[in-house]
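Q: Residue numbers (mature numbering (1 follows the signal peptide of the UniProt record, and there is no 0)): -18 to -1, 1 to 158.
Here it is: the structure, laid out below.
Okay, structure coming up:
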């Protein structure tokens, strides 16, 4: 019984140490966003609990590819959250970093990679081969490059072009 209590104590200590070590300095949301080229980017940097009360969201500075972002683009949401708004985002790929500046020093808290691209064009020259109830294979020309991960969803709807009545007059057959 005593051994059982020792193991429980060890497990409790390990889990509390793991929780303490897993606390991050900060988080950035959304993480790794993909947006439409030329649109507005909005990110949030959330400070970890251990920074307050000595430092807060007003100490956060933002950089885009090593360049300081103008403070008029910052917004302090509350004591632990700062946001950044970048209008007309036109970089293919860029790194946005959240730093804390305190006593004249900058410390990187968290960063994310932002990608921008174009919406996919309407597919053209669509052709499909349907192997009765087994497989549907389609090909198309997708248009300009999006510069983003793009997936296409194909919806299949079977409709009859003609209906043929059987000899007994009861059964209808769909001719595709």
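Glycine included, every Cβ here is placed at the ideal spot set by N, Cα and C.
It should be emphasised that the depicted structure is a prediction, and the values quoted were computed from it without experimental measurement.
Using only CA atoms, which one of 52, 74, 38 lies nearest to residue 60?
A: Nearest C-alpha to residue 60: 38.
Q: Which residues mark the beginning and the end of the beta strand (DSSP E) in which residue 87 is found?
A: Looking at the DSSP string, the run of the beta strand (DSSP E) that includes residue 87 is 87 to 99.
Q: Checking 9 Å against the spacing of the C-beta atoms, do residue 24 and residue 58 come in under that value?
A: Not a contact, by the Cβ cut-off of 9 Å.
Q: With a threshold of 7 Å on Cβ separation, who are the neighbours of residue 107 within its own chain once the five nearest residues in sequence on each side are excluded?
A: These residues qualify, in order along the chain: 122, 123.
Q: Pick out whichever of 137, 103, 120, 109 has its Cα sitting closest to the Cα of residue 130.
A: Selected option, being the one with the closest Cα: 103.
Q: Among all the DSSP beta bridges, which residues are the ones paired with residue 28?
A: Partner(s): 9, 63.
Q: So, using beta-carbon positions, are residue 10 and residue 98 closer together than 9 Å?
A: In this structure, residue 98 does not lie closer than 9 Å to residue 10 by Cβ.
Q: Taking only three categories from DSSP, how would you classify residue 133?
A: The answer is coil: DSSP assigns residue 133 none of H, G, I, E or B.
Q: Select from 29, 72, 28 the residue whose C-alpha is nearest the C-alpha of residue 47.
A: Here the closest residue by C-alpha is 72.
Q: Are residue 83 and residue 41 closer than 9 Å when you measure CB to CB?
A: It is a contact, given that the beta carbons lie within the stated cut-off.
Q: Give the single residue among 64, 20, 118, 49 whose Cα lies nearest to the Cα of residue 12.
A: Answer by Cα proximity: 64.
Q: With a threshold of 7 Å on Cβ separation, who are the neighbours of residue 77 within its own chain once the five nearest residues in sequence on each side are excluded?
A: Result list for residue 77: 47, 93, 95, in chain order.
Q: Tell me residue 159's beta-bridge partners as DSSP assigns them.
A: Residue numbering for the chain in the displayed model covers -18 to 158; residue 159 lies beyond these limits and cannot be assessed.
Q: Alpha carbon to alpha carbon, how far is residue 110 from residue 20?
A: Near 35 Å, if we compare the C-alpha coordinates of residue 20 and residue 110.
Q: Run the CB neighbour count on residue 139, radius 10 Å, all protein chains shown included, and call it buried at 16 or more, exposed below.
A: Classification of residue 139: exposed, given that the 10 Å Cβ count is below 16.
Q: Return the residue from the list 75, 7, 74 that minimises the CA-CA distance to residue 31.
A: Among 75, 7, 74, the Cα nearest to that of residue 31 is on 7.
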